[in-house]
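Engineer:
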Amino acid sequence: MDAAGLLASAAINLGLALVALSLFSLLKKQPGNAPVYQPRRMAARDRSGDLLPLGHGRVTPSFRWIGAAFQLSEDDVLRRHGLDALVVIRLFKFGIKCFSVCSIVGVLILAPTNYTSEGRADIRRSNSMELFTVTNVTRGSNRLWVHFSCLCFISFYVVYLLHKEYKEIIRRRIEHLKYHKKRPDQYTILVRGIPKCPDHGTYGCYVDHFFSKHYQTYQAYQIVHDIGNIEALQKLASSIEKQIKRKRETQKCNFWQWIWFKFTTEAINIRRQEEKLKDIQQSIRLLQCENMLKHKEVPVAFVSFKSRLDAAQAAEMQQLTNPLSLVTTYAPEPTETIWKNLSVPFWCMSMYRLGVFVAAFFLTVFFTIPVTAVQGIVQFEKIKRWFPPARAVQLIPGLNSVVTGYLPSMILNVFIYLVPFAMLGSLLDQIGESFTHPKNIPSRLASAVSAQSDFFITYILTNGMSGFSLEVLQFGLLTWQFLKAHSIGRGDEPYLYGFPYYRVVPIVSLAILIGMVYAVVAPLLLPILLIYFLLGYAVYINQVMEDVYEITYDTCGQYWPNIHHYIFLSVTLMQITMIGLFGLKSKPGASFASIPLLVLNILYNQYCKVRFLPTFIHRPVQVAKENDELDDAEGMIQGDLDNAVSAYKPPWMRPTNLETSSVQPLNL
């Protein structure tokens with residue numbers, strides 16, 4: 002791709018970003034869009050009765066929210082939204098710290114070194130962006146030692162940042178556990194593989210006898226039931242109740258609507274829905290009766306203690322001589338519990354994990370097919386050879402730059418959303434060749450990486466500028482809100498969703514991977530990545546703090562080790578790529594000198610597994626004991642202990658919260 006293609010991609014994405022951000026700053030101030038941009042505040046209003054404040058300057062765009070995002074302290078994020086939200090914010094901060102320094106190295110050292118090299122003549126004639134990449138450096142040139150020095154600096158700098166982040170997250174995690182010392186999951190464990198009581202033939206009896214005998218602070222247990230579709234029935238009942246309420250409100254609006262309601266089938270429909278609601282409520286009550294629940298017990302239970310220390314020890318220790326019986330783990334947070342998954346037999350868990358790993362492997366492998374196909378668009382010369390009519394694109398001024406600069410990354414973003422349908426074809430030959438000749442993996446990786454730097458520059462531009470701008474704009478929800486408000490006349494229900502960790506963390510980790518691999522190969526990518534993380538930081542500070550997403554649960558930063566592992570793999574791939582690249586450039590000295598870097602990186606990762614990882618997997622006995630002693634000094638409130646028991650009561654054991662009628666479980 003030439004400079005015109007890159008400029009076209011940057012101009013298009015920058016223009017779209019400015020339009021999207023300007024629209025957001027205007028639309029956010031309109032009260033009718035509050036369900037999209039302030040759903041959490043609307044939900045709080047429903048509980049407290051407070052009115053939503055109207056925006057000031059409702060017809061003028063403003064970007065002050067971007068500056069406010071960088072003035073927000075981490076303590077505010079931690080206090081209002083928990084450690085998980087702070088970990089996401091620190092992930093963006095890690096990218097800012099990493100690529101700000103790497104950009105200085107890349108722009109001031111690597112890019113001039115590459116550009117002033119006497120490289121291939123065809124690259125200079127085509128005015129290609131490869132002039133600024135390592136591809137322009139001649140084979141055997143001593144300038145490659147500059148790249149080796151930058152590789153060493155970037156590797157040690159990233160390891161330093163990782164070490165610093167790991168220590169900080171651990172400190173925050175321990176403080177968070179102390180601050181939230183009355184969380185129910187600190188008193189509770191999850192028990193699987195429960196044997197039946199030989200005397201009474203029930204699981205609950207065995208749990209009660211065992212833990213009351215071996216643990217002095219044992220308090221209570223809650224057996225899990227395989228209750229089937231009761232949760233679906235409760236959701237259906239709640240939905241019907243809301244429909245009835247909405248129709249009753251509609252008939253009170255004005256005289257003509259009342260006439261319409263009186264002489265049409267709306268009244269009949271409400272009566273039918275009320276009868277249907279009563280039938281569903283009766284079905285729920287029958288499923289909730291004690292005799293029915295006794296036949297639906299599964300060998301899983303939540304066990305609560307009066308001491309965090311005993312809960313931690315019970316979760317860590319093997320309870321019986323048979324390690325597959327009475328298996329104990331830490332209980333998930335109540336809001337994080339997926340009840341239907343608890344009824345899955347314990348022995349099936351390993352099979353499910355293996356299935357997920359195999360599916361993820363093939364998803365990753367076969368996703369290379371659309372990526373490879375899309376990358377071909379960047380190399381317009383190949384397209385002209387394969388498809389001669391494509392030469393007509395050159396007849397339209399500027400269209401060639403748009404096709405090669407913007408279109409590929411846009412298509413790839415579409416493929417990311419359609420990835421289950423894109424898993425076609427086969428890469429078994431490529432995989433087999435890699436396994437047959439493992440020594441060629443570094444050189445094959447290096448040649449592939451150096452050939453596709455242009456594509457990933459445009460991908461980061463599109464995914465960063467346009468992607469983050471559309472995220473803050475919430476274009477899909479905004480469109481649906483408009484259609485809903487102007488068709489059925491109901492647009493005041495907030496669109497409140499949990500924060501999408503599953504989507505944000507992988508995409509940002511992918512950006513770090515691309516940046517690490519191309520840090521030395523294509524240094525012009527680094528400033529673009531810096532802009533990517535700056536914009537992403539401002540956007541997700543807004544999304545988390547300004548009432549868009551709801552933090553539904555908090556694992557106390559437990560997924561940070563996964564992020565650390567992703568970054569470690571990124572550094573490893575960077576080093577392996579450079580080992581192969583130095584070999585391709587006929588610089589074996591630099592290639593061999595890079596091997597100790599790879600070894601040191603692997604050793605550091607092993608050190609982290611020993612030094613830091615156990616704190617995220619286990620709960621320190623020291624912290625549990627200190628919290629118990631604080632409770633003894635302050636006087637433990639029995640209500641806190643009772644809350645630990647009631648918090649793990651399944652939804653089907655709770656009364657149905659409907660306004661039409663109160664549904665209580667039957668006691669038969």
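The sequence shown begins at 2 in this note's numbering and counts up by one.
Note that beta-carbon positions come from the ideal geometry of N, C-alpha and C, so glycine has one too.
In this text the structure is predicted, and so the values were computed from the model without any measurement.
Are the beta-carbon atoms of PRO524 and LEU111 separated by less than 7 Å?
Structural biologist: yes
Engineer: CB-CB under 8 Å to SER284, same chain, minus the five flanking residues each way: which ones, in chain order?
Structural biologist: The beta carbon of SER284 sits closer than 8 Å to those of LEU234, all from its chain and outside the five residues before and after it, given in chain order.
Engineer: Quick one: what's got a C-beta closer than 8 Å to ILE245's C-beta in the same chain, skipping five residues either side?
Structural biologist: ILE271, GLN274, GLU275, LEU278, THR661
Engineer: Check the Cβ-Cβ distances between TYR502 and every residue of chain D, and say whether any is below 7 Å.
Structural biologist: Protein chains in the displayed structure number just one, and chain D is not present.
Engineer: Of all the alpha helix (DSSP H) runs that stay within the bounds of the stretch 129-206, which reach a length of 4 or more residues?
Structural biologist: 145-180
Engineer: For the candidate residues THR463, VAL106, LEU355, whose alpha-carbon lies nearest to that of ALA512?
Structural biologist: THR463
Engineer: In this structure, how does DSSP classify SER571 when only helix, strand and coil are distinguished?
Structural biologist: helix
Engineer: Within this structure, are the beta carbons of TYR216 and ALA645 separated by less than 7 Å?
Structural biologist: No. Outside cutoff.
Engineer: Would a C-beta distance cut-off of 7 Å place GLN475 and VAL89 closer than the cut-off?
Structural biologist: no
Engineer: Under 8 Å, with one C-beta from each stretch per pair, do the stretch 564-581 and the stretch 59-69 reach the 3-pair mark?
Structural biologist: no
Engineer: Which value, in whole angstroms, describes the spacing of the CA atoms of VAL159 and HIS296?
Structural biologist: 56 Å
Engineer: Inspect the beta-carbon positions of LEU325 and GLY194 and report whether they are closer than 7 Å.
Structural biologist: yes
Engineer: Cα separation between TRP1 and ALA591?
Structural biologist: Since the first residue of the chain shown is 2 and the last is 669, residue 1 is not available in this structure.
Engineer: Do you know whose CA, among HIS201, PRO651, CYS609, MET579, lies nearest SER595's CA?
Structural biologist: MET579
Engineer: Evaluate ARG671 with the Cβ neighbour count: other Cβ atoms within 10 Å of its Cβ, from every protein chain shown; 16 or more gives buried, anything less gives exposed.
Structural biologist: In the structure displayed, the chain extends from 2 to 669; residue 671 sits before or after that span and is not available.
Engineer: Any chance the stretch 341-348 sits against the stretch 298-318, with 3 or more Cβ pairs inside 8 Å?
Structural biologist: Contact between the stretch 341-348 and the stretch 298-318 is present, with at least three C-beta pairs closer than 8 Å.
Engineer: What is the C-beta distance between ALA12 and MET466, in whole angstroms, given that I count them as a contact (C-beta under 8 Å)?
Structural biologist: About 10 Å; that fails the 8 Å criterion.
Engineer: Contact defined as beta carbons within less than 8 Å: I believe PRO40 pairs with PRO501. What is the distance between those atoms, to the nearest angstrom?
Structural biologist: Not quite, the Cβ-Cβ distance comes to about 14 Å (not below 8 Å), so this is no contact.
Engineer: For the beta strand (DSSP E) that PRO300 lies in, which residues bound it at each end?
Structural biologist: 298-306
Engineer: Spatial neighbours of LYS179 within its chain, please: C-beta separation below 8 Å, excluding the five flanking residues on both sides.
Structural biologist: Excluding positions up to five away in sequence, the list reads VAL624, GLU627, ASN628.
Engineer: Say whether the stretch 528-545 touches the stretch 99-107, bearing in mind that this needs 3 or more beta-carbon pairs closer than 8 Å, one atom from each stretch.
Structural biologist: yes
Engineer: Quick one, which of GLU472, SER587, ASP633 has its alpha-carbon nearest MET24's?
Structural biologist: Note that residue 24 corresponds to Leu in the displayed sequence, not to Met. Cα-wise, what sits closest to LEU24 is GLU472.
Engineer: Counting only the same chain and skipping the five closest in sequence on each side, list residues whose C-beta sits under 6 Å from that of LYS182.
Structural biologist: ASN628
Engineer: Taking C-beta to C-beta, are ARG97 and PHE534 nearer than 7 Å?
Structural biologist: Here residue 97 turns out to be Ile, not Arg, going by the sequence shown. Cβ atoms of ILE97 and PHE534: closer than 7 Å.
Engineer: Between which two residues does the beta strand (DSSP E) holding THR330 run?
Structural biologist: 328-331
Engineer: Does GLU551 come out as helix, strand or coil in the three-state DSSP assignment?
Structural biologist: Under the three-state reduction of DSSP, GLU551 is assigned to strand.
Engineer: Under the rule that 16 or more other beta-carbon atoms within 10 Å means buried, what is SER427, buried or exposed?
Structural biologist: Below a pLDDT of 50, predicted positions are generally treated as unreliable, and SER427, at 34, falls in that range; the measurement from the model is reported next regardless. SER427 counts as exposed, since fewer than 16 other C-beta atoms from the protein chains shown sit within 10 angstroms of its C-beta.
Engineer: Looking at ALA648 and PRO333, is the spacing between their C-beta atoms short of 7 Å?
Structural biologist: no
Engineer: With which residues is ALA221 paired in a DSSP beta bridge?
Structural biologist: SER305
Engineer: If the criterion is Cβ atoms closer than 7 Å, does the pair LEU92 and VAL509 meet it?
Structural biologist: yes
Engineer: I'd like to confirm the pairing. Which residues does DSSP put opposite GLY499 in its beta bridges?
Structural biologist: GLU551
Engineer: With respect to the alpha helix (DSSP H) encompassing HIS82, which residues constitute its N-terminal and C-terminal limits?
Structural biologist: 75-106
Engineer: Would you give the residue range spanned by the alpha helix (DSSP H) that THR459 belongs to?
Structural biologist: Note, THR459: alpha helix (DSSP H), 454-462.
Engineer: Round the Cβ separation of TYR551 and TYR498 to the nearest angstrom and send it over; I've been treating them as touching at under 8 Å.
Structural biologist: The question names Tyr, but residue 551 is Glu in the sequence shown. Yes, GLU551 and TYR498 are in contact; Cβ-Cβ is about 7 Å, under 8 Å.
Engineer: Helix, strand or coil for HIS619, going by three-state DSSP, please let me know.
Structural biologist: If DSSP states are grouped into helix, strand and coil, HIS619 belongs with coil.
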